[in-house]
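A.B. asks:
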Amino acid sequence: MQLKDFSIERVLAGYRKQEFSPTELATVYLDAIEANNERLGAFLQVDRDLVLAQATALDSRRQEVNKLPLFGVPIAIKDNFLVKNWQATAASKILKGYVSPYTATCVEKLESAGAIIIGKTNLDEFAMGSSTENSAYFPAKNPWDTSRVTGGSSGGSASAVAAALAVGSLGSDTGGSIRQPASLCGIVGLKPTYGRVSRFGIIAFASSLDQVGPFGRSVQDVATLLEVISGYDRNDATSSRAIVPHYSDHLKGATLKNVRVGIAKDWLEGIDEEVRKSFDEAVKLMVKEGAKIVDISLPHSRYALSTYYIIAPCEASSNLARYDGIHAGFRADGVTDLDSVYFKSRGQGFGAEVKLRIMLGTYALSAGYYDAFYGQANEVRKMIQQDFLTAYEDCDCIVMPTSPSTAFKFGEKSADPIKMYTSDICTLPVSLAGLPALSVPSGVDSQGLPIGLQFIGKHFEESHLLKVAHKYEQVRGPFPHPSGVDY
Amino acid sequence: MSSRDKFEAVIGLEVHAQLLTESKMFCGCKNAYGASPNSQICPVCTGQPGTLPVINQFAVELGVRAALAIKAEIHAESIFARKNYFYPDLPKGYQISQYERPFCTQGKITIGLSDGTEKEIGITRIHFEEDAGKNIHKGDHTQVDLNRAGVPLIEIVSEPDMRTAEEAGQYLRTLRTLLRYANVTDGDMEKGNLL
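Protein sequence lines, in the order shown, are assigned to chains A and B. If you use the working numbering, the first sequence corresponds to residues 1 to 487, in order. If you use the working numbering, the second sequence corresponds to residues 1001 to 1195, in order.
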């Protein structure tokens, strides 16, 4: 058995043909993780006992393989999700050793669908970053070149799937944290519409932006995962009651014929030449399949970076107030009074980037500044969103590169926050508009590093988005595996 | 001229009333007095990572009832806000309250005075909020009981319309009676249910 070829459908077929049992398959994955995690840093926690307990329970339910869409399928979960009895550190020292008292709704849905939670994956601390270098434990490495970053913040979830250490995974996306690592690791990653997937049990970063989404090695797998995790949740008042379509069935008969694809030319400035070339080729391919290219304009998106870096830190400064050394999480030693509990616990528990954003946000929200910063940023945000809605009067979806560059070297951008923040220039406007978008590999650059193409859809029209991306993926043809992944 | 003649007393009051709900404002935990410490808690009201508030529909109904009792304007749309501060009895690091857009504004009640006259006292607003927990200080350390964290409250803010202690006293008595008759709160001050 070759893990690198394992799609959801391939795993289910294996169970149907009795090629392996859930326990046997889980063991193979656990061994593969053990053999590769030191090289890749994709997982923060893999608990053999917890994994095998799930697999054993499924061993005696073999007949349910025809009922459960993820029966015995190993799925990795970003470590800012809560899964009962597993740790949830958000890659922060401040939550070191914190064991989840309950399970996130989307993970419960995976479990009900038969999935095996194979491990908790690495991320930038509290999902703040674009390279997974901000993990308080160790950085995640790119399976295509381990001297390079995975992107972030869901770098571990992307690396795990790219390296075939899980069939699929979940991540969270606030400003690009699913799409950008999917692009840099050569896999498919989807950020659904804001509200499509419940966020109950996901450690909050910026509540008006955070959304849960799946990674997979094909659009088909991502569609299946989305179908399982989507839907209204009474524990999340922001989750939508919009019905959940059968995304994976909808892919059949997908076509690009007469699909109106929007391209914003001014957005393509500042994109690396090789990424730009791959984008142009992808567009040509879609035109050949009958797609109609429409010029669109998103004039306010140029303010997305500054808007995002007001809104997200503001919300983070409030969301991270609960890590105070008193309740859940780390408390510093040698405290003398209440103030020293706060100063020392937060001072020692949080990393530099998290502190930077807490300070930015606290400043921008302080009395007298609220209207000038957070209030103003929200006005600009509405204009960014309106540009998209106007564009959608003339087109059905929008394409653009996912990331302006391919995977960069460790340390290349970490010294300069602005340089790092610019990695998300293509994903931020979409997040601010609350739209669904996914990244699909479109090629490799001259160094053999994957390039991603971003498809952006209309609110709650993931179905159409997935169809278009699926068709593109078919005409693009098979995508290679990273060279080190030969198991 | 005595200072009593030189100065005028101007009194406005903020009153917190605990709502007579079965459960807390944003989770399903019991809203009941006197249970053993930390026996009425869950991931939501203890502020565990990843939890989210879900509004108690009955608490909103009681709020509306209070608004009707004081003839206030009820807003179909109102918003919650976070009041951020650090304190051990506040597990999320913020209290969920209402700030710019409370659910009702511009109410009034009429109070009777000992000289046989009546006076109208304006009520600026009523808003929803959640209670904090309780710190219990024992010698050199402090323990935190979160049973009360997330208990639903309304805060009733009057206009500065009162001029004497008698008026203030009558305002409180009348308000308490109205809220008790409307079954919004039991008004049991010894339990801190009205303060």
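All residues carry an ideal CB built from backbone N, CA and C; glycine is no exception.
#1: Can you confirm whether the segment 1033 to 1041 of chain B touches the segment 311 to 320 of chain A when touching is taken to mean that 3 or more C-beta pairs between the two stretches lie within less than 8 Å?
#2: Could you run through the segment 341 to 354 of chain A and flag, in chain order, every residue whose CB is less than 7 Å away from some CB of chain B?
#3: Against chain A, which members of the segment 1091 to 1115 of chain B pass a CB distance test of less than 8 Å?
#4: Take residue 404(A) as the anchor and find which of 450(A), 36(A), 137(A) has the nearest alpha-carbon.
#5: Looking at C-alpha atoms only, which residue of 146(A), 277(A), 425(A), 362(A) is the closest neighbour of residue 445(A)?
#6: What residue range does the alpha helix (DSSP H) around residue 399(A) cover?
#7: Please confirm if residue 1147(B) has its CB atom under 9 Å from at least one CB of chain A.
#8: Using a Cβ cut-off of 9 Å (strictly closer), state whether residue 134(A) contacts chain B.
#9: Judging by CA-CA distance, which residue of 1009(B), 1087(B), 1123(B), 1133(B) is the nearest neighbour of residue 343(A)?
#10: To the nearest whole angstrom, what separates the beta carbons of residue 1017(B) and residue 1146(B), a pair I think is in contact under 8 Å?
#11: If you measure beta-carbon to beta-carbon, which residues of the segment 1029 to 1051 of chain B are closer than 8 Å to chain A?
#12: Spell out whether any CB of chain A is found under 9 Å from the CB atom of residue 1055(B).
#13: Counting only beta-carbon separations shorter than 9 Å, does residue 193(A) have a partner in chain B?
#14: Tell me which residues of the segment 209 to 239 of chain A have at least one Cβ-Cβ distance to chain B shorter than 7 Å, keeping chain order.
#15: Can you find at least 3 beta carbon pairs, one from the segment 1068 to 1076 of chain B and one from the segment 1115 to 1133 of chain B, that sit closer than 8 Å?
#16: My understanding is that residue 308(A) touches residue 226(A), with C-beta atoms under 8 Å, so please give their C-beta distance in whole angstroms.
#17: Name the residue from 62(A), 158(A), 140(A) whose alpha carbon lies nearest to the alpha carbon of residue 115(A).
#18: Mind listing, in chain order, the continuous beta strand (DSSP E) runs of no fewer than 3 residues lying wholly within the segment 1053 to 1108 of chain B?
#19: Can you tell me the Cα-Cα spacing of residue 45(A) and residue 121(A), whole angstroms?
#20: Measure the C-alpha to C-alpha separation of residue 1099(B) and residue 138(A) and round it to an integer number of angstroms.
#21: Could you tell me the boundaries of the alpha helix (DSSP H) in which residue 1166(B) lies?
#22: When the Cα atoms are used, what is the spatial distance from residue 430(A) to residue 320(A)?
#23: Let me make sure I understand the geometry here. Which of 1049(B), 1063(B), 1040(B), 1013(B) has the alpha-carbon closest to that of residue 328(A)?
#24: Which chain B residues sit within Cβ distance under 7 Å of residue 202(A)?
#25: Which residue wins for smallest C-alpha separation from residue 1107(B), given the options 1143(B), 1118(B), 1187(B), 1068(B)?
#26: Would you mind giving the Cβ-Cβ distance between residue 170(A) and residue 106(A), rounded to the nearest angstrom? I have them listed as a contact below 8 Å.
#27: Under 8 Å, with one C-beta from each stretch per pair, do the segment 244 to 262 of chain A and the segment 374 to 381 of chain A reach the 3-pair mark?
#28: Which class does residue 266(A) belong to by DSSP, given the choice of helix, strand or coil?
#29: Which residues of chain A have a Cβ atom closer than 7 Å to the Cβ of residue 1128(B), listed in chain order?
#30: What span of residues does the alpha helix (DSSP H) with residue 488(A) cover, start to end?
#31: Would you say residue 100(A) reaches chain B, if we count a Cβ-Cβ gap shorter than 9 Å as a contact?
#32: Answer yes if the segment 250 to 260 of chain A comes into contact with the segment 278 to 293 of chain A, meaning at least three C-beta pairs across the two stretches below 8 Å, and no otherwise.
#33: Determine which residues share a DSSP beta bridge with residue 1020(B) and list them.
#34: Please report how far the alpha carbon of residue 1028(B) lies from the alpha carbon of residue 480(A), in whole angstroms.
#35: Any chance you could list the alpha helix (DSSP H) runs of at least 4 consecutive residues sitting entirely within the segment 237 to 281 of chain A, in chain order?
#36: Check each residue of the segment 352 to 372 of chain A: if its Cβ is closer than 8 Å to any Cβ of chain B, include it; give the result in chain order.
C.D. replies: In brief:
#1: The answer is no - the segment 1033 to 1041 of chain B does not touch the segment 311 to 320 of chain A, with fewer than three Cβ pairs under 8 Å.
#2: Listed by position, the residues of the segment 341 to 354 of chain A near chain B (Cβ gap below 7 Å) are 342.
#3: Within the segment 1091 to 1115 of chain B, the qualifying residues are 1091, 1092, 1093, 1094.
#4: Position 404 of the first sequence, counting from 1, holds the residue named residue 404(A). In terms of CA proximity to residue 404(A), 450(A) leads the group 450(A), 36(A), 137(A).
#5: In the first sequence, the residue the question calls residue 445(A) occupies position 445. From the listed residues 146(A), 277(A), 425(A), 362(A), the smallest Cα separation to residue 445(A) is found for 277(A).
#6: Sequence index remark: in the first sequence, residue 399(A) carries index 399 (1-based). No alpha helix (DSSP H) contains residue 399(A), which is instead part of the beta strand (DSSP E) from 397 to 401.
#7: The residue you call residue 1147(B) lines up with position 147 of the second sequence. Residue 1147(B) does not count as touching chain A.
#8: Counted from its first residue, the first sequence places residue 134(A) at position 134. For residue 134(A), the answer is no, since every Cβ of chain B falls outside 9 Å of its Cβ.
#9: Looking up residue 343(A) in the first sequence gives position 343. Checked all of 1009(B), 1087(B), 1123(B), 1133(B); the closest Cα to residue 343(A) is 1087(B).
#10: Here residue 1017(B) is taken as the residue at index 17 of the second sequence, counted from 1. Here residue 1146(B) is taken as the residue at index 146 of the second sequence, counted from 1. Contact flag wrong, Cβ pair sits at about 21 Å.
#11: Across the segment 1029 to 1051 of chain B, CB contacts with chain A closer than 8 Å involve 1043, 1046, 1047, 1048, 1049, 1050, 1051, in sequence order along the chain.
#12: For the purposes of this step, residue 1055(B) is taken as the residue at position 55 of the second sequence. Yes, its Cβ sits closer than 9 Å to a Cβ of chain A.
#13: In the first sequence, counting from the first residue as 1, residue 193(A) sits at position 193. Not one beta carbon of chain B lies nearer than 9 Å to the beta carbon of residue 193(A).
#14: Against chain B - using a Cβ distance shorter than 7 Å - the residues of the segment 209 to 239 of chain A are 234, 235, 236, 237.
#15: Below 8 Å, enough C-beta pairs join the segment 1068 to 1076 of chain B and the segment 1115 to 1133 of chain B to call them touching: three or more.
#16: Start at 1 with the first residue of the first sequence, and residue 308(A) comes out as number 308. Start at 1 with the first residue of the first sequence, and residue 226(A) comes out as number 226. Taking a contact as a CB-CB distance under 8 Å, the pair residue 308(A) and residue 226(A) does not count as one, their CB atoms being some 24 Å apart.
#17: In the first sequence, counting from the first residue as 1, residue 115(A) sits at position 115. With distances taken between Cα atoms, residue 115(A) lies closest to 62(A).
#18: Counting only runs of 3 or more, we get 1081 to 1084, 1094 to 1097.
#19: Taking the first residue of the first sequence as 1, we reach residue 45(A) at position 45. Taking the first residue of the first sequence as 1, we reach residue 121(A) at position 121. The C-alpha of residue 45(A) lies about 7 Å from the C-alpha of residue 121(A).
#20: Within the second sequence, numbered from 1, the residue matching residue 1099(B) stands at position 99. Within the first sequence, numbered from 1, the residue matching residue 138(A) stands at position 138. In this model, residue 1099(B) and residue 138(A) are separated by some 42 Å (Cα to Cα).
#21: Position 166 of the second sequence, counting from 1, holds the residue named residue 1166(B). Under the DSSP assignment, residue 1166(B) falls in the alpha helix (DSSP H) whose first and last residues are 1165 to 1181.
#22: Within the first sequence, the letter at position 430 stands for residue 430(A). Within the first sequence, the letter at position 320 stands for residue 320(A). C-alpha separation (whole angstroms): 24 Å.
#23: Locating residue 328(A) in the first sequence gives position 328, counting from the first residue. Nearest of 1049(B), 1063(B), 1040(B), 1013(B) to residue 328(A), Cα basis: 1049(B).
#24: Taking the first sequence and counting its residues from 1, the one referred to as residue 202(A) is at position 202. Those within 7 Å of residue 202(A) in chain B are 1050.
#25: Sequence index remark: in the second sequence, residue 1107(B) carries index 107 (1-based). It is 1068(B) whose Cα lies nearest to the Cα of residue 1107(B).
#26: Residue mapping note: residue 170(A) aligns to position 170 of the first sequence, counting from 1. Residue mapping note: residue 106(A) aligns to position 106 of the first sequence, counting from 1. Sure, about 7 Å apart at Cβ, within 8 Å.
#27: Taking 8 Å as the limit for Cβ pairs, the verdict is that the segment 374 to 381 of chain A does not touch the segment 244 to 262 of chain A.
#28: On the first sequence, residue 266(A) is found 266 positions in, with the first residue counted as 1. It is helical.
#29: Taking the second sequence and counting its residues from 1, one reaches residue 1128(B) at position 128. Residues of chain A passing the Cβ test: none, with the nearest at roughly 14 Å.
#30: Outside the shown range of chain A (1 to 487) lies residue 488(A), about which nothing can therefore be said.
#31: As a first step, residue 100(A) is located in the first sequence; it is residue number 100 there, counting from the start. Cβ-Cβ to chain B under 9 Å: yes for residue 100(A).
#32: They touch, by the three-pair rule.
#33: Within the second sequence, numbered from 1, the residue matching residue 1020(B) stands at position 20. Note: residue 1020(B) is not bridge-paired with any residue in the DSSP secondary-structure output.
#34: Taking the second sequence and counting its residues from 1, one reaches residue 1028(B) at position 28. Taking the first sequence and counting its residues from 1, one reaches residue 480(A) at position 480. Distance between the alpha carbons of residue 1028(B) and residue 480(A) is about 50 Å.
#35: Those alpha helix (DSSP H) runs which fall completely within the segment 237 to 281 of chain A and span 4+ residues are 247 to 250.
#36: Those residues of the segment 352 to 372 of chain A that come within reach of chain B (Cβ to Cβ, closer than 8 Å) are 365.
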